[in-house]
Amino acid sequence: MTPKRNAAAATPLAGAAPSLPQLCSEAADHVAHARLALFDESYDTDRALRHLDEAIDCLRRLLAHGRATQANGANAARANLRSA
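Each residue of the sequence shown is one higher than the one before, starting from 582 at the first, in my numbering.
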């Protein structure tokens, strides 16, 4: 039994970046799919690895978003200091 995903709900609008909850949910879905691929009758390691690669990609995008947010916050703080 594999979890079903609502593709319309999981896919962001064209040109829009996925939200943090969407990225977290997508990563968790991929980990769940990988687990199922290993523990169902087929024991499909290739499918499990593909899902784990996708989960890692989601986590990298989360990290990039966090770093960008942190950099934007630091730039805004510097701008506020210059204008004061």
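Backbone N, C-alpha and C fix where the C-beta goes; we use that ideal spot for every residue, glycine too. Source: prediction; values computed, not measured.
{"Check": "For Leu643 versus Ala615, is the C-beta distance shorter than 8 Å?", "Outcome": "no"}
{"Check": "Mark Leu604 as exposed unless 16 or more other C-beta atoms lie within 10 angstroms of its C-beta, in which case mark it buried.", "Outcome": "buried"}
{"Check": "Beta-carbon within less than 8 Å of Thr626's beta-carbon, same chain only, minus the 5 sequence neighbours each way: which residues are those?", "Outcome": "Ala618, Leu619"}
{"Check": "With a threshold of 6 Å on Cβ separation, who are the neighbours of Arg628 within its own chain once the five nearest residues in sequence on each side are excluded?", "Outcome": "Ala618"}
{"Check": "Using only the alpha-carbon positions, how far apart do Glu635 and Asp621 sit?", "Outcome": "20 Å"}
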